[in-house]
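S.K.: Below you'll find the structure I mean.
Residue numbers (the working numbering), protein chains in the order written: chain A, 170 to 508; chain B, 170 to 508.
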């Protein structure tokens, strides 16, 4: 699992439109050695997320954009291979913003502290980036804390076959709701119904998607867990009920453009919708409890976790585009090295 | 105060763009007599509100649109002149959806029940349609229940010299906030600062309104009480702080068009803004307490009430356009008859 070099994807230019491999320099550095208080981590799995695209841009965003010339930021899981830190011992499995590279140096200067995972994990490492990681927590908090679904209500989620959406629908079902998913293509639609237990699916690539939306939500929509934005968001909002809730998790359809991500505000006014943007770190103090609940659901089969695993760090810049082209099922992970 | 005829503005066609007198038929009917359980009300003051424009259209809205041929819906205050109802006695002052007409027949079929006002009122009747009426309650609930302003925070309100906005800013000041108003023209801007006590004003008709907005909100914006929509709303939202709140009361800039009232959703996501549409009736169960507080504030001079009074029912269809052209100060009221 070790190597003599540390390959790093450094951001060369801010992408215009779709991410291109030429937006990065793939550089080779010596494997780092830990300074005082530091640990060196061998990265094993890299999490690919829509927010990567935001970090590459200089749009208004949660964290500072990745600077030109810096290693691309990204979440991941790795193993400690050298340590001068009391916080890490060699062999620990850790998760954090390990970056698009083979090795990461953890230490007191981390943007967000790297965390040590329990020695015994109930699920595999990719799932710890997916349904039992920040992805699952995003679904959990957005739906339960902001969407506040009640049994019998209709919950709709866009990018429903994706990492977050697939968990949202399953948690909605656990809460007695009608779960409706929007996904691209008949296979994904079939998958979320037959494998994940959604009640209905809308194929947004089908010409009759508006009719499908209407048919799938005969009682309107009480919770819209929004991941995509654009004209589909508008069509969904037009069917939202009085006093419905809209956790705004993402608007992936706009991330490849420089245009404002506009939508019609009038349903918010007329139907008194509560729209709330959020990111998972807003709920940091509740992570432990929620992670335990998610892990229990996955371990007992109440929630199915799905990962799409791409081999090799070198694939990251092309693989990340799958998120925007809807080519992945569930959580998109790059395998960097054997465990 | 009585007359032999009942003039009625009946909606003839749904306005396209600006409201025109030709969108109404002014018909003359005999003064009605009350049937069993009914009372006849002589209308004295008619409230003109941006929502009138919505009711004239068939857009998605709170209540059913006014039907073609029906008397135009509108709030008002009147006096009972004949009654076969236990709920009303002759001489009672009442408020409700009395319509654009000289007389209204109140009874069990009212869309919203007509209410009897106390015999002794602390303020004049026009103020009972303004700062102490639904207008004041709209400001009160939107700001306090949804905006949740904390002392020291910055509250901004659009249409700040209008009926609702002028009250919003004054309640913000009572709560220890920095109150910033957006209004059209130097006179209104001067008025909201010097007469109403706003801390700063932005003249949206000035070419440098964006610079004024920036200068007026050095610490960003914590509460945006939104009345107008459009590009000014977008510019305001771009300055909203993390976890800020946006009670969405109206988007008057879009009411004269058939276009969706679009705006950029990305600040909601990135800054985790809470956007909530509302109308005053959402807080019906708290009216009594809030009305008492508003009346006390007005009676003790803590809030200044301002009305623009237009003479004569016949003026209603032209006067209502003042709301969209920014020609009124405070509450716009039509005086139909002497008290």
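C-beta atoms are modelled at their ideal positions from N, C-alpha and C, and glycine is treated no differently.
What does the alpha-carbon distance come out to for the pair residue 410 of chain A and residue 235 of chain A?
M.R.: Roughly 40 angstroms between the two C-alpha positions.
S.K.: Can you look up residue 341 of chain B in the DSSP assignment and give me helix, strand or coil?
M.R.: helix
S.K.: Counting only Cβ-Cβ distances shorter than 9 angstroms, please list the residues of the stretch 244 to 276 of chain B near chain A, keeping chain order.
M.R.: none
S.K.: The alpha helix (DSSP H) that contains residue 405 of chain A, what's its start and end?
M.R.: 399 to 406
S.K.: Using three-state DSSP, classify residue 321 of chain B as helix, strand or coil.
M.R.: coil
S.K.: According to DSSP, is residue 242 of chain B part of a helix, a strand, or is it coil?
M.R.: coil
S.K.: Taking just the CA atoms, how far does residue 187 of chain B sit from residue 213 of chain B?
M.R.: 26 angstroms
S.K.: Among A/376, A/445, A/477 and A/455, which one has its Cα closest to the Cα of residue 503 of chain A?
M.R.: A/477
S.K.: For residue 487 of chain B, count the other beta carbons within 10 Å of its own beta carbon; 16 or more makes it buried, fewer makes it exposed. Which is it?
M.R.: So residue 487 of chain B ends up on the exposed side.
S.K.: How many whole angstroms separate the CB atoms of residue 390 of chain A and residue 381 of chain A, which I take to be in contact at a CB cut-off of 8 angstroms?
M.R.: Actually they do not touch by this definition, with Cβ atoms about 14 angstroms apart.
S.K.: Would you please state the rounded distance, in angstroms, between the beta carbons of residue 245 of chain A and residue 216 of chain A? I believe it to be under 8 angstroms.
M.R.: 6 angstroms
S.K.: Measuring only the C-alpha atoms, how far is residue 455 of chain A from residue 232 of chain B?
M.R.: 41 angstroms
S.K.: For residue 170 of chain A and chain B, any beta-carbon pair shorter than 8 angstroms?
M.R.: Confidence at residue 170 of chain A is low in this model, with a pLDDT of 47, below 50, so its placement is unreliable and no value can be given for it.
S.K.: Let me confirm a value: residue 492 of chain A is counted as buried when at least 16 other C-beta atoms fall within 10 Å, else exposed. Which label applies?
M.R.: buried
S.K.: According to DSSP, simplified to helix, strand and coil, what is residue 475 of chain A?
M.R.: coil
S.K.: For chain A, check one thing: does any of its Cβ atoms lie closer than 8 angstroms to the Cβ of residue 438 of chain B?
M.R.: yes
S.K.: Give a yes or no on whether the minimum CB-CB distance between residue 308 of chain A and chain B is below 8 angstroms.
M.R.: No, no contact with chain B.
S.K.: To the nearest angstrom, how far is it from the Cα of residue 319 of chain B to the Cα of residue 346 of chain B?
M.R.: 7 angstroms
S.K.: Which residue marks the beginning of the alpha helix (DSSP H) containing residue 436 of chain B, and which one marks its end?
M.R.: 435 to 439
S.K.: Pairing CB atoms from the stretch 458 to 477 of chain A with CB atoms from the stretch 436 to 449 of chain A, are three or more of them under 8 angstroms?
M.R.: no
S.K.: Contact check, residue 312 of chain A vs residue 438 of chain B under 8 angstroms by CB: the rounded distance?
M.R.: Not quite, the Cβ-Cβ distance comes to about 16 angstroms (not below 8 angstroms), so this is no contact.
S.K.: Suppose you measure from the CA of residue 352 of chain A to the CA of residue 378 of chain A; what does that come to, to the nearest Å?
M.R.: 10 angstroms
S.K.: Name, in chain order, the residues that DSSP records as bridge partners for residue 212 of chain A.
M.R.: A/247
S.K.: Using the beta-carbon count (16 or more within 10 Å), is residue 497 of chain B buried or exposed?
M.R.: Buried, because 16 or more other Cβ atoms sit within 10 Å of the Cβ of residue 497 of chain B.
S.K.: Pick helix, strand or coil for residue 390 of chain A, following the three-state DSSP scheme.
M.R.: strand
S.K.: Does the beta carbon of residue 183 of chain B come closer than 8 angstroms to any beta carbon on chain A?
M.R.: no
S.K.: Along chain B, in chain order, which residues have C-beta atoms closer than 9 angstroms to that of residue 456 of chain A?
M.R.: Under the 9 angstroms cutoff, chain B gives no residues; its nearest Cβ is about 17 angstroms from residue 456 of chain A.
S.K.: Does the beta-carbon of residue 281 of chain A have 16 or more other beta-carbons within 10 angstroms, so that it is buried, or is it exposed?
M.R.: exposed
S.K.: Mind checking the stretch 224 to 244 of chain B against chain A and listing, in chain order, the residues whose C-beta falls within less than 7 angstroms of any C-beta there?
M.R.: 229, 230 and 231
S.K.: Under a Cβ-count criterion, where at least 16 other Cβ atoms within 10 Å of its own Cβ denotes burial, should residue 344 of chain B be classed as buried or exposed?
M.R.: buried
S.K.: Among the candidates B/239, B/308 and B/189, whose CA atom is the shortest distance from the CA of residue 335 of chain B?
M.R.: Between residue 335 of chain B and the set B/239, B/308 and B/189, the nearest pair of CA atoms involves B/308.
S.K.: Hey, does residue 186 of chain B have any beta-carbon neighbour from chain A nearer than 8 angstroms?
M.R.: no
S.K.: Are the C-beta of residue 429 of chain A and some C-beta of chain B separated by less than 8 angstroms?
M.R.: yes
S.K.: Give a yes or no on whether the C-beta atoms belonging to residue 434 of chain B and residue 432 of chain A are separated by under 8 angstroms.
M.R.: yes
S.K.: May I ask which residues mark the beginning and end of the beta strand (DSSP E) holding residue 305 of chain A?
M.R.: Element bounds for residue 305 of chain A: not the beta strand (DSSP E) but the alpha helix (DSSP H), 303 to 310.
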